[in-house]
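For reference, the structure discussed in these notes is given below.
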Amino acid sequence: MRRAKIVVVEWEDASTNTGYWDKNDPERFGPVPTETVGHLIKKDKSAVYLCAEVFHEKGKKITDRRHIHTIPRKMIKRIRELEG
Numbered sequence: 028m029r030r031a032k033i034v035v036v037e038w039e040d041a042s043t044n045t046g047y048w049d050k051n052d053p054e055r056f057g058p059v060p061t062e063t064v065g066h067l068i069k070k071d072k073s074a075v076y077l078c079a080e081v082f083h084e085k086g087k088k089i090t091d092r093r094h095i096h097t098i099p100r101k102m103i104k105r106i107r108e109l110e111g
């Protein structure tokens, strides 16, 4: 069975805060450091595409992918391939 690469994408997500601006705690309103782990579907100049689940046809070729994450390149800090 051919396995897809498993990667960790470190990126900064947008945040929302419904409270008032606090000049003493401006970091509370900044981007949220995030890590997403998944099967790498593809990466191109605009985004990286991961999925949480991969389905195989009788243990061979990939027939389907589910729970897709699309992370814009401009938000990505680093991509690491997991060993194993």
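For the sequence shown, the positions run 28 to 111 when our numbering is used. Glycine is no exception: its CB is placed at the ideal position from the N, C-alpha and C atoms.
{"Asked": "Straight-line CA distance for residue 81 to residue 96?", "Found": "13 Å"}
{"Asked": "Are the Cβ atoms of residue 65 and residue 78 separated by less than 7 Å?", "Found": "yes"}
{"Asked": "For the beta strand (DSSP E) containing residue 69, list its first residue and its last residue.", "Found": "59 to 70"}
{"Asked": "Buried or exposed: where does residue 36 fall if 16 or more other Cβ atoms within 10 Å of its Cβ makes it buried?", "Found": "buried"}
{"Asked": "Quick check on residue 37: does DSSP put it in helix, strand or coil?", "Found": "strand"}
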